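A short worksheet on the structure shown next.
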Amino acid sequence: MTSQGTRDRLVQRLRDDGIRDERVLKAMATIPRHVFVDEALSSRAYEDSALPIGQSQTISQPWVVAQMTQVLMDGGSPEKVLEIGTGSGYQAAILAGLVAQVFTVERIEKLLKLARRRFHRLRLKNIYTRHADGHLGWPSQAPFDGIVVTAAGAEIPPELLHQLKVGGILVIPVERQGAQRLLSIRRTETGFEEKDLGGVIFVPLLSGLV
Ligand code: SAH
138 MTSQGTRDRL
148 VQRLRDDGIR
158 DERVLKAMAT
168 IPRHVFVDEA
178 LSSRAYEDSA
188 LPIGQSQTIS
198 QPWVVAQMTQ
208 VLMDGGSPEK
218 VLEIGTGSGY
228 QAAILAGLVA
238 QVFTVERIEK
248 LLKLARRRFH
258 RLRLKNIYTR
268 HADGHLGWPS
278 QAPFDGIVVT
288 AAGAEIPPEL
298 LHQLKVGGIL
308 VIPVERQGAQ
318 RLLSIRRTET
328 GFEEKDLGGV
338 IFVPLLSGLV
């Protein structure tokens, strides 16, 4: 149930559901998602659904991970990427195969410790982690070619816009009129271009450390 065949079937499903970037599909076929959930849930790891990871948090649905990654990679080859909301570490692991350096920030230390162990186990050496409030980004490593936020807030944290390179893309779920929308924001020479990618459901972006 955790074999390559199961993973390949998930990838076929992602393809059927509109994921087109072959680089992203390959990463999804390679990274074992069952490593990122509790053993009791491993038989469900290749279903296209979000799953609990403890601390009232969830590992995102595979399609959402693929879509956010595809948008982040759109039209280029980002090298230095920031993720806000490490959670299980799955999204960061997918990114690690696609970009040179992944910086990921998590506010819940317990989750971060588990994620670090998984990165070590899978020998993912280009992921750098930080226990901090992601609203502030990672100033000492900025600017980034891309930023992905995996929790939804009422607004776009201004620091994240500041830490984006010109040409870089921020992918972020934001609450608008009582529902969450996934936005992509590209920084241009003169400002920011926003696209609405549709409705999504994420856990809340919270402040402070736990
Ligand atoms: N990318 C994760 C998704 C985890 S859910 C994965 O692939 O598993 C979102 C995560 O965002 C949660 O772990 C939550 O604790 C974290 N989070 C919420 N607000 C945050 C903040 N302000 N800074 C950093 N992490 C935050």
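Quick note on numbering: the numbering used here labels position 186 of the sequence shown as 323, and the sequence is numbered without any gaps. For glycine and all other residues, C-beta sits at the position ideal for the given N, C-alpha and C. Every value quoted in this text rests on a predicted model; they were computed, and no experiment measured them.
In this structure, the beta-carbon distance from T223 to T195 does not fall below 7 Å.
Measuring C-alpha to C-alpha distances from F256 to each of A269, L273 and G234 identifies G234 as the nearest. Ranked by Cα distance from L342, the first of R144, T139 and S193 is S193. Across the set I190, S180 and V201, the C-alpha of V201 shows the shortest separation from the C-alpha of L162. If the five residues before and after P215 are omitted, its C-beta is found closer than 6 Å to the C-beta atoms of V236, D282 and G283, all from its own chain and listed in chain order. Assignment of beta strand (DSSP E) within the stretch 226-261, counting only whole runs of 3 or more residues, yields 238-243 in chain order. For P295, the enclosing alpha helix (DSSP H) starts and ends at P295 to H299. Non-local C-beta neighbours of F339 in its own chain, meaning closer than 7 Å and more than five positions away in sequence, comprise T287, A288, A289, P310 and Q317, ordered along the chain. Assignment of beta-bridge partners to Q194 by DSSP yields G191. The residue among I156, L178, D158 and Y183 with its C-alpha nearest the C-alpha of I168 is Y183. With a cut-off of 6 Å, the C-beta of E243 is classified as near ligand 1, since at least one heavy atom of the ligand falls inside that distance.
Approximately 19 Å separates the beta-carbon atoms of V172 and I245; this is outside 8 Å, ruling out the contact. Within 6 Å of the C-beta of V239 there is not a single heavy atom belonging to ligand 1.
By the 16-neighbour rule on beta-carbons within 10 angstroms, R157 is exposed.
One thing to note: I231 has its Cβ no nearer than 7 Å to the Cβ of T266.
Between ligand 1 and I221, a heavy atom-to-CB distance of less than 6 Å is present. Measuring C-alpha to C-alpha distances from R181 to each of A164, A166 and P199 identifies P199 as the nearest. Contact annotation: S179 and T139 have beta-carbon atoms nearer than 7 Å.
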